[in-house]
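Q: Protein chains in written order, with my numbering: chain G, 364 to 614; chain A, 364 to 614.
From the three backbone atoms N, C-alpha and C, an ideal C-beta is built for every residue, glycine too.
Nothing here was measured: the structure is a model prediction, and the numbers come from that model.
Number of protein chains: 2
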Amino acid sequence: MLTLYSFGPGANSLKPMLALYEKGLEFTPRFLDPTVFEHHQEWFKQINPRGQVPALEHDGQIITESTVICEYLEDAFPDAPKLRPTDPAQIAEMRVWTKWVDEYFCWCVSTIGWERMIGPMARALDEDAFEEQIKRIPIPEQQVKWRNARNGFPKEVLEEEMRKIRVSIARLEARLSESPWLAGPDYTLADICNFAIANGMQNGFAEIVNATDTPHLIDWIQRINARPAAKAMFANAKSEMPERHKASADA
Amino acid sequence: MLTLYSFGPGANSLKPMLALYEKGLEFTPRFLDPTVFEHHQEWFKQINPRGQVPALEHDGQIITESTVICEYLEDAFPDAPKLRPTDPAQIAEMRVWTKWVDEYFCWCVSTIGWERMIGPMARALDEDAFEEQIKRIPIPEQQVKWRNARNGFPKEVLEEEMRKIRVSIARLEARLSESPWLAGPDYTLADICNFAIANGMQNGFAEIVNATDTPHLIDWIQRINARPAAKAMFANAKSEMPERHKASADA
């Protein structure tokens with residue numbers, strides 16, 4: 364039995380969720396509500412002591428880290444539709460892309476997302492309530508990120524992150540102008556893991572991601588959104604931000 | 364045919380090098396000398412446009428990123444001795460550890476290493492020669508790191524990195540006090556990739572990594588150094604820092 368603990372279908376939560384839909388694996392979705400800090404509650408820290416979603420429970424075993432969960436599904440369900448190439452060099456190419464999104468692309472987009480969305484949420488709490496929530500966060504770097512979001516990230520940090528976003532988008536556009544999918548001829552976890560971050564940027568970062576400047580990236584976002592698995596996921600999955608995800612799905 | 368482009372047997376270069384030795388795969392070592400910035404020379408940027416070692420050439424195909432190369436060797440040489448478990452949950456456990464070293468552990472140790480070793484090297488160049496080298500570095504973040512090393516990293520950065528080193532070492536010690544190897548009963552890429560960073564810390568960070576405070580970590584470092592593959596690697600591999608690596612191998 365599979366249970367996926369996650370936020371709505373965006374960012375890291377989207378990765379294993381879309382992979383599960385693509386592979387046609389039945390699972391029990393367990394939505395956690397970030398607006399009430401549910402992932403920092405004790406019951407969930409029993410499942411993942413780091414207090415981070417997504418986490419997958421498979422027959423009582425817990426797998427964490429979104430990208431690791433995606434590859435786990437490939438290893439544990441070899442008979443389901445494959446999202447990993449079979450040629451070793453193409454697998455390596457896929458992993459360079461999934462690694463890049465985890466080490467570079469996701470962070471710059473995340474900072475801007477936190478500035479825009481987590482900042483107001485953190486400022487809506489009074490000092491005591493905020494400190495109460497902070498205390499429950501097991502990762503010190505996440506505590507710092509919450510404080511930065513509440514205070515507003517420094518201007519030079521935001522500028523540097525926007526620079527990295529432009530570098531990232533240029534990299535994706537360049538690759539997609541020469542290849543239908545990121546790791547080569549086939550749709551793989553490279554696409555799913557990057558889509559998790561890129562989808563929605565045609566709305567939230569429309570000055571960078573748009574049909575004129577990044578036609579191949581826009582086409583790729585649309586092709587993934589048009590897949591039956593993505594449609595089913597967006598239609599079924601609970602979300603903390605229904606408006607945004609509806610908009611993404613309509614892209 | 365396999366060719367490994369790398370620095371000496373330490374840090375990221377050590378990962379695929381030790382994996383090749385453990386798997387008994389014949390390869391041509393191509394040592395690049397970081398003290399003359401050989402990895403930023405044009406000939407090497409033809410191989411890896413990012414100007415980063417290690418890189419593996421296999422029958423004309425280039426594989427980059429140390430951890431990706433390690434898993435590539437598992438995929439491409441399934442008949443060689445395995446460094447990846449076969450049970451999917453244990454593979455996931457291994458990947459949590461290889462991901463953690465790449466996203467957390469390696470960075471804090473790297474900053475201190477750069478402060479101690481790259482800083483003096485960068486300051487030995489006059490302004491013009493330094494700027495000439497900087498121009499050849501393709502990754503902007505690496506250019507910034509070189510400038511920081513030359514100027515000396517800010518005190519608060521060094522303190523934060525030392526905090527992360529202590530967190531990292533405590534995490535390794537805790538895990539190794541309950542398990543012989545990081546990903547469970549078997550020696551895997553989790554061990555090789557973490558050893559790449561941890562080995563030598565018993566010398567350079569002896570106030571944190573020592574037989575009194577971290578007996579299990581010290582024992583694990585010694586067990587890996589005692590393996591025939593590690594001994595052969597340290598005996599054969601060219602190094603930019605022969606003294607340090609000799610010390611490590613004697614640990």
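(1) Using a Cβ cut-off of 8 Å (strictly closer), state whether A/S611 contacts chain G.
(2) Taking the alpha-carbon of G/S529 as reference, which of G/L377, G/R458, G/A559, G/L580 has the nearest alpha-carbon?
(3) Residues in the same chain with beta-carbon distance under 7 Å from A/V464, minus the five sequence neighbours each way, listed in chain order, please.
(4) Threshold first: 3 residues or longer. Then list the beta strand (DSSP E) segments lying entirely within the region 381 to 419 of chain A, N to C.
(5) Which of the three DSSP states, helix, strand or coil, is assigned to G/N375?
(6) For a cutoff of 8 Å on Cβ pairs, would you count A/P451 as touching chain G?
(7) Taking all protein chains shown into account, do 16 or more other C-beta atoms lie within 10 angstroms of the C-beta of A/T461, making it buried, or fewer, making it exposed?
(8) Measure the alpha-carbon distance for G/P627 versus G/Y368 and round it to whole angstroms.
(9) Excluding the 5 residues flanking A/G387 on each side, which residues of the same chain have their C-beta closer than 7 Å to its C-beta?
(10) Could you tell me which residues DSSP puts in a beta bridge with G/G482?
(11) What are the start and end residues of the beta strand (DSSP E) that includes G/L365?
(12) Inspect the CB distances between the region 426 to 440 of chain G and the region 449 to 457 of chain A and report whether three or more fall short of 8 Å.
(13) Whole angstroms is fine: what's the gap from A/W406's alpha carbon to A/P501's?
(14) Out of G/I425, G/F568, G/E490, which has the shortest C-alpha to C-alpha gap to G/N411?
(15) Alpha carbons only, please: which of A/H403, A/F370, A/L365, A/M380 is nearest the one belonging to A/A313?
(16) Who are the neighbours of G/K445 on chain A, taking C-beta pairs under 7 Å?
(17) Which two residues bound the contiguous beta strand (DSSP E) that contains G/I426?
(18) In this structure, does DSSP put A/Q567 in helix, strand or coil?
(19) Starting from G/A455, find everything on chain A with Cβ-Cβ shorter than 7 Å and list it in chain order.
(20) Identify every run of the beta strand (DSSP E) within the region 477 to 558 of chain G, keeping only runs that are complete inside it and at least 3 residues long; order them along the chain.
(21) Out of curiosity, what's the CA-to-CA distance linking A/P517 and G/C471?
(22) Just to confirm my understanding: we take A/W477, look at its own chain, exclude 5 residues before and 5 after, and list those with CB closer than 7 Å. What are they?
(23) Could you spell out the range, first to last residue, of the alpha helix (DSSP H) harbouring G/R586?
(24) What are the start and end residues of the alpha helix (DSSP H) that includes A/F597?
(25) Within a Cβ cutoff of 6 Å, which residues of the same chain sit near A/S531, ignoring the five residues on either side of it in sequence?
(26) Which residues in chain G have a C-beta closer than 7 Å to the C-beta of A/D582? List them in chain order.
(27) Let me see if you follow: with CB-CB separation under 8 Å, is A/K378 close to chain G or not?
(28) Buried or exposed: which applies to A/D422, given that a residue is buried once 16 or more other Cβ atoms fall within 10 Å of its Cβ?
(29) Counting contacts by CB-CB distance shorter than 8 Å, is A/R413 in contact with chain G?
(30) Okay, do the region 393 to 406 of chain A and the region 369 to 376 of chain A touch, 3+ Cβ pairs below 8 Å being the bar?
(31) Short check: CB of A/I587 to CB of A/D549, under 8 Å?
(32) Would you say G/A418 faces chain A, with C-beta separation under 8 Å as the test?
(33) Taking 6 Å as the limit between beta carbons, can you name the residues of its chain near G/W583, skipping five residues before and five after?
(34) In angstroms with no decimal places, state the Cα-to-Cα distance between A/L488 and A/N514.
A: Looking at the coordinates:
(1) Caution is warranted here: a pLDDT of 48 is assigned to A/S611, below 50, making its placement in the model unreliable, and the coordinate value is therefore given only provisionally. Between A/S611 and chain G, the shortest Cβ-Cβ separation is not below 8 Å.
(2) First, the amino acid is wrong: residue 529 of chain G is Arg here, not Ser. For G/R529, the nearest C-alpha among the options comes from G/L580.
(3) Here the set comprises C556, N557, I560.
(4) Counting only runs that start and end inside the region 381 to 419 of chain A, the beta strand (DSSP E) elements of at least 3 residues fall at 391 to 394.
(5) The three-state reading of DSSP puts G/N375 in helix, counting H, G and I together.
(6) At least one CB atom of chain G sits nearer than 8 Å to the CB of A/P451.
(7) By the 10 Å Cβ count, A/T461 comes out buried.
(8) Within the shown structure, residues of chain G are numbered from 364 to 614, placing residue 627 of chain G beyond reach of any answer.
(9) The residues are A443, P444.
(10) Paired residues: none, contrary to the question.
(11) For G/L365, the uninterrupted beta strand (DSSP E) segment begins and ends at 365 to 369.
(12) Short answer: they touch.
(13) Going from the Cα of A/W406 to the Cα of A/P501 covers about 13 Å.
(14) If we check each option's Cα against that of G/N411, G/I425 comes out closest.
(15) Chain A is shown from 364 up to 614; residue 313 of chain A falls before or after that span and cannot be answered.
(16) Identification of chain A residues near G/K445 by a Cβ-Cβ cut-off of 7 Å yields none; the smallest Cβ-Cβ distance measures about 14 Å.
(17) From DSSP, the beta strand (DSSP E) with G/I426 extends over 424 to 427.
(18) According to the sequence displayed, residue 567 of chain A carries Gly and not Gln. In the three-state reduction of the DSSP assignment, A/G567 falls in the helix class, which pools H, G and I.
(19) Under the 7 Å cutoff, chain A gives I426, V431, Y435.
(20) With a minimum length of 3 residues, there is no unbroken run of beta strand (DSSP E) contained wholly in the region 477 to 558 of chain G.
(21) Their Cα atoms are separated by approximately 23 Å.
(22) Here the set comprises K508, A512.
(23) Here the alpha helix (DSSP H) through G/R586 covers 578 to 588.
(24) Note, A/F597: alpha helix (DSSP H), 591 to 599.
(25) Around A/S531: F468.
(26) Here the premise fails: no neighbours, minimum Cβ distance about 25 Å.
(27) Chain G contact via Cβ: absent.
(28) Burial check for A/D422: the Cβ neighbour count within 10 Å stays below 16, so the residue is exposed.
(29) Chain G, which has no Cβ nearer than 8 Å to the Cβ of A/R413, makes this no.
(30) With the cut-off at 8 Å, the region 393 to 406 of chain A and the region 369 to 376 of chain A touch.
(31) The criterion of a C-beta distance shorter than 8 Å is not satisfied by A/I587 and A/D549.
(32) Judged by the 8 Å Cβ criterion, G/A418 is not in contact with chain A.
(33) For G/W583, same chain residues with a beta-carbon under 6 Å away, outside a window of 5 residues either side, are L539 in chain order.
(34) The straight-line gap from Cα to Cα measures roughly 12 Å.
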